[in-house]
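*Asks:*
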Amino acid sequence: MASAPVPYSHVDCSLRALAGQAQGFGRFAVGGLHGELYHVTTLSDDGPGSLRAGCRKKEPLWIVFEVSGTIELSSHLSVSSYKTIDGRGQWIKLTGKGLRLKECEHVIICNLEFEAGRGHDVDAIQIKPNSNHIWIDRCSLKDYADGLIDITRESTNITISRCHFSNHDKTMLIGGDASNCGDRCMCVTIHHCFFDGTRQRHPRVRFAKVHLYNNYTSNWGIYAVCASVESQIYSQCNIYEAGQKKVAFKYLTEKAADKEEASTGCIISEGDLFIDGTKSGLLEPTATPSSPFHPSQYYQKWTVVPATNELKHVLQHCTGWQDVQRPPDL
1 MASAPVPYSH VDCSLRALAG QAQGFGRFAV GGLHGELYHV TTLSDDGPGS
51 LRAGCRKKEP LWIVFEVSGT IELSSHLSVS SYKTIDGRGQ WIKLTGKGLR
101 LKECEHVIIC NLEFEAGRGH DVDAIQIKPN SNHIWIDRCS LKDYADGLID
151 ITRESTNITI SRCHFSNHDK TMLIGGDASN CGDRCMCVTI HHCFFDGTRQ
201 RHPRVRFAKV HLYNNYTSNW GIYAVCASVE SQIYSQCNIY EAGQKKVAFK
251 YLTEKAADKE EASTGCIISE GDLFIDGTKS GLLEPTATPS SPFHPSQYYQ
301 KWTVVPATNE LKHVLQHCTG WQDVQRPPDL
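Using UniProt numbering, you'd call the opening residue of the sequence shown number 1 and step up by one each time.
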């Protein structure tokens, strides 16, 4: 195990050093690496110089901001393929609606805030359907009508890192419906995130393979992590600190559309720290029908440290939007 508590210290040395540097399943995401710079010069929802105008362009773009403030979205903001939305150097909050990553690939979203999205099926970041090679890094997300990050409909090869989730109920859903058996392809890595008093779904998983490592989940309202139909969750060196509800892991049984019998998922816990009277709730793998996976079957390198109070302190202060300068575009 590595000694550094948080990875990616090198990605702020130059603007495009982010590209292809995610750990885990999203490691191939390059965003707008090979595109021109696009400068957001207005906080308007649409029009010249707006974030929406840049995201709808078909060519690769590395999107940066020349303004700080709140962008009030009147509708879902669709992000097309080969885009980096890079909030370093400014403070940008998206509100009203959220980002929609629909049938796109190679998208990086970095250093933004999301708050107070309203309306039916409004998530802060919605990844569906059939999106691939996505990295969400250093974002602060809270108080949306539906999910904060929802990943469904055969979207895969995704990494969520260094994000701060707070003031919310249904935090992160991976696999939206037991009838959508195509979600068996989904693979997601979530690491170095802080789930700060959010109620449930950290995440809730159907079908997918999910690697959780070095996250801190505290004071949940229902459960921390939920495994449902055929899901395979590898929980490694995470910190689980309960409030009133003491059990971290929950299992739900559902029937896949192409199966005769209902089933639950599988959770493997390696090196996790359960504190403040937290009970794992872990079932033995033999008690669940899903076969456990190991991340090393899919990638060889990731930065993981033991689950300690030092890691907890780091995650409390170094996740979410950060006041960092925009690096030079070398």
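Just so you know, even glycine gets a beta-carbon here, dropped at the ideal spot from N, CA and C.
To the nearest angstrom, how far is it from the Cα of R27 to the Cα of K279?
*Replies:* Stepping through the sequence shown from its first residue, residue 27 is reached at position 27. Stepping through the sequence shown from its first residue, residue 279 is reached at position 279. Rounded to whole angstroms, R27 and K279 show a C-alpha spacing of 33 Å.
*Asks:* Go through the region 178 to 249 residue by residue and report every complete run of the beta strand (DSSP E) that reaches 3 residues or more, in order.
*Replies:* 187 to 191, 194 to 196, 209 to 213, 216 to 218, 225 to 227, 232 to 236 and 239 to 241
*Asks:* Considering Cα atoms alone, identify which of H10, I233, A22 and L37 is closest to P60.
*Replies:* Position 60 of the sequence shown, counting from 1, holds the residue named residue 60. That would be L37, whose Cα lies nearest to the Cα of P60.
*Asks:* Do G176 and R153 come within 9 Å of each other at the CB atom, strictly closer than that value?
*Replies:* Stepping through the sequence shown from its first residue, residue 153 is reached at position 153. Stepping through the sequence shown from its first residue, residue 176 is reached at position 176. In contact: R153 and G176 (Cβ atoms closer than 9 Å).
*Asks:* Report the rounded CA-to-CA distance for I63 versus H164, giving the unit in angstroms.
*Replies:* Locating residue 63 in the sequence shown gives position 63, where the first residue counts as 1. Locating residue 164 in the sequence shown gives position 164, where the first residue counts as 1. Taking the straight line from one Cα to the other gives about 22 Å.
*Asks:* Leaving out five residues on either side along the sequence, give the residues of the same chain with a beta carbon under 6 Å from the beta carbon of L33.
*Replies:* Here residue 33 refers to the residue found at position 33 of the sequence shown. Around L33: R16 and A19.
*Asks:* Between the Cα of D276 and the Cα atoms of I239, R88, C266 and D323, which residue gives the shortest distance?
*Replies:* Taking the sequence shown and counting its residues from 1, one reaches residue 276 at position 276. The option with the nearest alpha carbon to D276 is I239.
*Asks:* What would DSSP say about N309, mapped onto helix, strand or coil?
*Replies:* The count along the sequence shown starts at 1 and reaches residue 309 at position 309. N309: helix per DSSP, three-state reduction.
*Asks:* Quick one: what does DSSP say D86 is sitting in, helix, strand or coil?
*Replies:* Counting from 1 along the sequence shown, the entry for residue 86 is found at position 86. Strand.
*Asks:* Output the distance between the C-alpha atoms of V40 and T308, rounded to the nearest integer angstrom.
*Replies:* Within the sequence shown, the letter at position 40 stands for residue 40. Within the sequence shown, the letter at position 308 stands for residue 308. Distance between the alpha carbons of V40 and T308: 40 Å.
*Asks:* Near Y216, which residues of its chain fall below 6 Å by C-beta distance, leaving aside the five closest residues on each side in sequence?
*Replies:* Here residue 216 refers to the residue found at position 216 of the sequence shown. These residues qualify, in order along the chain: F194, I239, K312 and L315.
*Asks:* Under 8 Å: do the region 284 to 301 and the region 80 to 96 share three or more Cβ pairs, one atom per stretch?
*Replies:* no
*Asks:* CB-CB under 6 Å to L99, same chain, minus the five flanking residues each way: which ones, in chain order?
*Replies:* Translated into the one-based positions of the sequence shown, residue 99 becomes position 99. Around L99: L77, V79 and I125.
*Asks:* Determine the direct distance from the alpha carbon of E260 to that of L94, and round the result to whole angstroms.
*Replies:* Along the sequence shown, one-based indexing puts residue 94 at 94. Along the sequence shown, one-based indexing puts residue 260 at 260. Cα to Cα, L94 sits roughly 44 Å from E260.
*Asks:* For Q232, decide whether its Cβ has a neighbour in chain B, counting only Cβ atoms nearer than 9 Å.
*Replies:* The structure shown contains no chain B, having only a single protein chain.
*Asks:* Which residue from N157, V225 and A257 puts its Cα closest to that of Y298?
*Replies:* The residue given as residue 298 occupies position 298 in the sequence shown. That would be N157, whose Cα lies nearest to the Cα of Y298.
*Asks:* So what's L73 in DSSP terms, helix, strand or just coil?
*Replies:* On the sequence shown, residue 73 is found 73 positions in, with the first residue counted as 1. Coil.
*Asks:* Looking only at C-alpha atoms, which of L73, I222 and Y213 sits nearest to D123?
*Replies:* By 1-based counting over the sequence shown, the position of residue 123 is 123. Considering only alpha carbons, the answer is L73.
*Asks:* Over the uninterrupted alpha helix (DSSP H) stretch that includes R138, give me the two end residues.
*Replies:* Taking the first residue of the sequence shown as position 1, residue 138 is located at position 138. Run containing R138: none; DSSP gives neither H nor E here.
*Asks:* Can you give, in chain order, each stretch of the beta strand (DSSP E) that sits fully within the region 25 to 74 and has at least 3 residues?
*Replies:* 36 to 40, 61 to 65 and 69 to 72
*Asks:* Where L283 and I267 are concerned, what is the direct C-alpha to C-alpha distance, given to the nearest angstrom?
*Replies:* The count along the sequence shown starts at 1 and reaches residue 283 at position 283. The count along the sequence shown starts at 1 and reaches residue 267 at position 267. Those two C-alpha atoms are separated by around 8 Å.
*Asks:* Measuring straight from C-alpha to C-alpha, what distance separates D146 and S75?
*Replies:* Residue mapping note: residue 146 aligns to position 146 of the sequence shown, counting from 1. Residue mapping note: residue 75 aligns to position 75 of the sequence shown, counting from 1. So the two alpha carbons sit approximately 15 Å from each other.
*Asks:* Only counting the same chain, and skipping five residues up and downstream in sequence, which positions put a Cβ closer than 6 Å to that of D258?
*Replies:* Counting from 1 along the sequence shown, the entry for residue 258 is found at position 258. So the qualifying residues of the chain are C181.
*Asks:* Please list the terminal residues of the continuous beta strand (DSSP E) segment that includes R100.
*Replies:* Against the sequence shown, residue 100 aligns to sequence position 100. Run containing R100: L99 to L101, per the beta strand (DSSP E) assignment.
*Asks:* For T286, does the three-state DSSP call read helix, strand or coil?
*Replies:* Against the sequence shown, residue 286 aligns to sequence position 286. It is helical.
*Asks:* Just to check my reading of the structure: F274 and A248 have Cβ atoms closer than 8 Å, yes? What is that Cβ distance to the nearest angstrom?
*Replies:* Along the sequence shown, read from residue 1 onward, the residue named residue 274 stands at position 274. Along the sequence shown, read from residue 1 onward, the residue named residue 248 stands at position 248. So it is a contact: roughly 6 Å between Cβ atoms.
*Asks:* When the Cα of L330 is compared with those of C13, V6 and S68, which residue comes out closest?
*Replies:* For the purposes of this step, residue 330 is taken as the residue at position 330 of the sequence shown. Here the closest residue by C-alpha is C13.
*Asks:* What residues are listed by DSSP as bridge partners for T159?
*Replies:* In the sequence shown, the residue the question calls residue 159 occupies position 159. Answer is W135 and T189, bridged to T159.
*Asks:* So which of H191, H202, H192 and D45 has the shortest CA-CA distance to I174?
*Replies:* The residue you call residue 174 lines up with position 174 of the sequence shown. Closest option to I174, Cα to Cα, is H202.
*Asks:* So, using beta-carbon positions, are K209 and V188 closer together than 9 Å?
*Replies:* Along the sequence shown, read from residue 1 onward, the residue named residue 209 stands at position 209. Along the sequence shown, read from residue 1 onward, the residue named residue 188 stands at position 188. Yes, Cβ-Cβ distance for K209 and V188 is below 9 Å.
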